[in-house]
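There are 2 protein chains.
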Amino acid sequence: MLTDPDVADSYARDRTFLEPGKPLGVVLAQNRDEVVATLRWATEHRIPVVPRGAGTGLAGGATATDGCIVLSLHKMTAIRELSPADEIAVVEPGVITADLDRAARAHGLMYAPDPSSFEISTIGGNLATNAGGLRCVKYGVTRDSALGLEVVLADGRVLNTGRRTVKGVTGYDLTGLFVGSEGTLGVITQATVRLRRAPLAPPTTIAAEFASLHDAASAVSAIIAAGCQPSLLELLDRGTLKAIDDWKNIGLEPSVAAMLIAQSDATDAENAARRMEALCEEHGASFVAVSGDAAEAEELIGIRRLAYPAKERLGACLVEDMCVPRSVLPDMITEIEAAAVRHHVRICTVAHAGDGNLHPVFIFEHGLTEPPPAVWAAADEIFRTALRLGGTLTGEHGVGLLKRRWLSLESGPVAEEVQAGIKQVFDPLGILNPGKAI
Amino acid sequence: MLTDPDVADSYARDRTFLEPGKPLGVVLAQNRDEVVATLRWATEHRIPVVPRGAGTGLAGGATATDGCIVLSLHKMTAIRELSPADEIAVVEPGVITADLDRAARAHGLMYAPDPSSFEISTIGGNLATNAGGLRCVKYGVTRDSALGLEVVLADGRVLNTGRRTVKGVTGYDLTGLFVGSEGTLGVITQATVRLRRAPLAPPTTIAAEFASLHDAASAVSAIIAAGCQPSLLELLDRGTLKAIDDWKNIGLEPSVAAMLIAQSDATDAENAARRMEALCEEHGASFVAVSGDAAEAEELIGIRRLAYPAKERLGACLVEDMCVPRSVLPDMITEIEAAAVRHHVRICTVAHAGDGNLHPVFIFEHGLTEPPPAVWAAADEIFRTALRLGGTLTGEHGVGLLKRRWLSLESGPVAEEVQAGIKQVFDPLGILNPGKAI
């Protein structure tokens with residue numbers, strides 16, 4: 010347990026601008042029994058516990074509160090089992106997402122969920138937020154890869170959920186309930202996850218430039234509606250591209266308002282890519298490149314993964330995360346652009362466009378611990394629009410602290426009552442990550 | 010509301026041998042408001058309610074209890090929306106599973122989950138049991154296709170869960186919690202489900218005959234481990250084939266101990282089928298046929314879909330449903346055969362083998378309302394073996410009444426406490442399908 014205030018502070022933050030409270034201390038758990046001991050002690054003394062992976066969250070789910078214990082799982086890094094025959098792995102929560110993927114690749118498999126932070130984020134954090142990523146347009150989100158969990162409950166009891174098999178309906182779906190619950194129901198100390206076959210050949214990648222963001226979004230809707238089944242379909246707006254260009258000099262042309270990056274990893278990847286190319290051209294792309302070269306593809310996707318750090322250089326960021334039905338993506342993009350103009354705020358948007366999952370990033374002055382009112386006003390407008398269009402407040406980042414102000418717009422009173430009831434079952438004293446998620 | 014005892018009795022049973030209790034009456038709900046009215050009344054009078062779709066369940070989940078109201082949803086058959094652009098449908102619970110699939114096919118889409126009963130089962134029943142099926146080896150189970158639900162709670166409150174988008178993490182995963190909860194937490198009155206692209210070309214199908222059941226199971230494990238990604242991989246043992254042959258004369262050879270039926274619907278389906286053919290031959294298949302002909306494929310799968318009705322002709326059936334990790338399928342098959350010999354019981358096994366999901370069907374004398382002790386003893390042994398091998402008690406049929414005797418072997422006390430707590434949140438009076446599922 011670390012109690013030095015400066016050290017503790019570094020475990021008190023995630024990647025948001027939110028100023029954390031002062032924790033009592035930080036427990037760096039090495040194994041399940043230490044998690045049990047921590048939670049028993051916390052229950053006995055009614056001390057709030059804020060569980061934490063690598064702190065790469067974007068919604069304040071791991072932000073420490075005053076007087077809490079931060080319970081970090083990042084030292085529990087064992088991959089306990091990897092079974093190629095059953096296509097599963099059993100891992101501790103501190104395993105880095107990309108490390109599990111690499112371990113699986115050695116057997117012709119992959120761990121599909123790949124949030125942009127996957128080189129630094131942990132499986133436990135991914136489970137807590139039901140993280141998405143670039144590949145989930147084809148392979149689903151973290152919940153779709155979670156088969157079973159070992160969870161320590163608030164009072165120290167150890168609960169095993171789920172199974173090692175690909176199917177199973179014994180009892181209620183407790184695994185799914187814990188995934189995305191942001192540490193408010195228990196602390197995950199082990200996960201059995203599903204692996205998938207890695208594609209045999211390198212993917213075919215396309216990059217398309219558009220003079221209009223709306224056109225790019227229309228191309229996305231068309232690609233989905235045509236059944237091209239991309240394994241990745243990302244959209245970057247001019248603001249995002251400019252931020253990356255200013256940093257890494259990617260040779261951005263003045264006329265480019267948006268870029269789509271798409272991939273197919275199907276066995277007929279080139280055909281699929283050619284169909285996507287044609288649809289981009291039909292929807293006004295000014296330039297489309299198609300490549301089967303793995304290094305070129307990695308470079309393009311590398312650009313995409315820079316989107317967030319590039320924006321952090323410009324200012325403090327409120328990173329938003331709505332998801333809309335894919336057919337209304339062009340409408341949502343139009344509304345985001347309009348809100349930026351109306352409220353005079355700077356919004357750079359990057360999107361897992363194939364899922365309808367948009368990340369409008371509101372940029373404001375470095376050093377501010379709270380976005381200016383105009384940012385909140387624009388965000389509020391955008392969220393209401395997303396809901397009106399049949400969307401949701403968060404596609405993959407979670408609710409944390411940041412989304413709670415809008416939660417009741419989406420959930421409604423009955424869902425809130427029910428969720429409070431479930432919270433009460435698992436954590437009657439309310440010590441687990443209080444004030445988050447619900 | 011129907012109260013004639015003979016009519017009510019026909020709504021009191023599912024497809025198990027279980028003798029139901031005498032319901033007070035049967036409500037044939039036409040819409041959500043009638044479900045609300047029924048549940049409010051039931052809450053007021055503390056009357057148990059047994060929700061019901063088409064009654065095709067195989068675990069007693071819809072078996073009526075004495076003095077209950079049977080609440081049938083089978084008249085709520087509207088497909089309210091089908092959006093090809095967003096690849097979703099919004100349906101009432103009484104929609105026949107295959108009808109939704111056909112409606113989707115008209116737009117180049119499909120509804121993937123296809124339990125063997127899919128021509129007569131309802132979406133609501135499929136959701137209640139988290140039904141699987143033949144295609145779920147590639148496309149997942151019902152939960153993987155459920156995005157959002159409208160649910161009437163025990164006291165008549167209406168809860169909306171989930172969303173219309175493909176991703177979303179707002180609040181706890183209530184959708185997943187209701188799927189597979191067998192009507193014990195609420196009554197589903199509407200579902201938003203995910204549709205998938207239907208394959209463009211007809212699948213390639215293989216049928217392989219084996220002189221040993223263990224060899225056939227070994228071929229299955231090899232096919233999965235080799236990453237062939239079949240869209241269907243079914244195993245039928247000799248007892249099953251014989252029952253079908255006696256009924257429909259399929260020309261079964263005396264030497265055939267097992268048959269595998271596999272399909273690939275990938276764009277390189279023929280390659281995948283050829284790889285599966287080679288693996289079957291390596292594992293001792295005596296005969297393998299490969300065909301790209303759609304009519305032949307339909308015929309073969311038609312044979313598979315006869316497995317259960319063919320066995321019902323032989324006697325009363327205890328249909329079991331364990332799921333094991335796919336690598337241990339041969340061991341599980343061996344143990345089932347040994348248990349049949351040891352206890353002198355007749356077991357015919359059919360399996361969604363690609364998922365490790367086995368249906369050993371115990372056949373006993375027609376007219377008995379309870380299997381003889383030897384059947385229970387053999388079943389008990391087989392379940393304990395499945396759990397020892399890392400498996401689960403039920404892959405897709407649910408717990409209902411039939412599996413409750415083994416439930417605690419799998420769930421353990423903490424999971425049971427937690428599940429009882431969740432039940433209490435949704436149904437504090439315990440009127441919803443009492444005695445089922447947990």
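Sequence order for the protein chains is A and B.
In this text, residue positions in the first sequence follow the working numbering: the first is 10, and each later residue adds one.
In this text, residue positions in the second sequence follow the working numbering: the first is 10, and each later residue adds one.
Glycine residues also receive a C-beta, built at the ideal position from the N, C-alpha and C atoms.
query: I'd like the list of long-range same chain contacts for B:Pro32, defined as Cβ closer than 6 Å, with 5 residues on each side in sequence excluded.; result: Ala17, Ala21, Ala73, Cys77 and Val79
query: Comparing the C-beta of B:Lys147 with each C-beta of chain A, is any distance below 8 Å?; result: no
query: Residues in the stretch 29-58 of chain B with C-beta within 9 Å of chain A's C-beta atoms, listed in sequence order?; result: none
query: State the DSSP-derived secondary structure class of B:Ser154, mapped to helix, strand or coil.; result: helix
query: Can you pull the DSSP bridge partners for A:Gly195?; result: DSSP lists no partner for A:Gly195.
query: Per DSSP, what kind of secondary structure is B:His368 in: helix, strand or coil?; result: strand
query: Give a yes or no on whether 8 Å exceeds the smallest Cβ distance from A:Val161 to chain B.; result: no
query: Could you tell me whether any Cβ in chain B is nearer than 8 Å to the Cβ of A:Ser125?; result: no
query: Under a CB-based cut-off of 8 Å, is A:Asn366 close to chain B?; result: yes
query: Is the stretch 82-90 of chain A touching the stretch 33-44 of chain A in the sense that three or more CB pairs, one from each, lie closer than 8 Å?; result: yes
query: Where does A:His353 sit, in a helix, a strand or coil, going by DSSP?; result: coil
query: Is it buried or exposed for A:Val175, if we count other Cβ within 10 angstroms and need 16 for buried?; result: buried
query: On the three-state DSSP scale, how would you describe B:Cys237?; result: coil
query: Rounded to the nearest angstrom, what separates A:Leu222 and B:Leu438 at their Cα positions?; result: 54 Å
query: Looking at B:Gly142: is its Cβ nearer than 8 Å to the Cβ of B:Asp123?; result: yes
query: State buried or exposed for A:Asp75, treating a residue as buried only when at least 16 other CB atoms are found within 10 Å of its CB.; result: exposed
query: In angstroms with no decimal places, state the Cα-to-Cα distance between A:Leu281 and A:Asp255.; result: Looking at the sequence provided, one finds Ala at residue 281 of chain A rather than Leu. Answer to the nearest angstrom: the Cα atoms are 33 Å apart.
query: For A:Lys147 and A:Ser240, which I take to be in contact (beta-carbon distance under 8 Å), what is that distance rounded to the nearest angstrom?; result: 4 Å
query: Please state if the CB of B:Ala87 and the CB of B:Glu101 are separated by a distance shorter than 8 Å.; result: yes
query: For B:Phe219, which residues does DSSP report across the bridge?; result: B:Ala267 and B:Ala294
query: Please name the residue in B:Pro381, B:Val58 and B:Glu28 whose C-alpha comes closest to that of B:Thr193.; result: B:Val58
query: Should the stretch 194-203 of chain B be regarded as contacting the stretch 266-282 of chain B, the criterion being three or more beta carbon pairs within less than 8 Å?; result: no
query: Pick from B:Val434, B:Glu329 and B:Ser264: whose alpha carbon is nearest that of B:Thr401?; result: B:Glu329
query: A:Glu419 touches chain B at which residues, Cβ-Cβ below 7 Å?; result: Thr179
query: Leaving aside the five residues before and after B:Val370 along the sequence, list all residues of the same chain whose C-beta is less than 6 Å from its C-beta, in chain order.; result: Lys320, Cys326, Val328 and Cys357
query: Residues in its own chain within less than 7 Å of B:His368 by CB, not counting five upstream and five downstream?; result: Val328, Glu329, Asp330, Thr358, Val359 and Ala360
query: Hey, does B:Glu405 have any beta-carbon neighbour from chain A nearer than 8 Å?; result: yes
query: According to DSSP, is A:Leu80 part of a helix, a strand, or is it coil?; result: strand
query: For A:Ile431, would you say it is in contact with chain B, using Cβ-to-Cβ distances shorter than 8 Å as the test?; result: yes
query: To the nearest angstrom, how far is the alpha carbon of A:Asp13 from that of A:Gly34?; result: 8 Å
query: Just to confirm before moving on: does the CB-CB distance between A:Leu177 and B:Gly117 stay below 8 Å?; result: The sequence as given places Gly at residue 177 of chain A; Leu does not occur at that position. It is not a contact, given that the beta carbons lie outside the stated cut-off.
query: Output yes or no for whether 8 Å exceeds the beta carbon distance between B:Leu398 and B:Val297.; result: no
query: Within 10 angstroms of its Cβ, does B:Ser336 collect 16 or more other Cβ (buried), or is it exposed?; result: buried
query: Quick check: what's the CA-CA separation for A:Arg173 versus B:Val150?; result: 15 Å
query: Mapping the DSSP letters down to three states, classify B:Asn169 as helix, strand or coil.; result: strand
query: On a Cα-Cα basis, can you pick out the residue from B:Ser190, B:Gly180, B:Gly134 and B:Glu191 that is closest to A:Phe187?; result: B:Gly180
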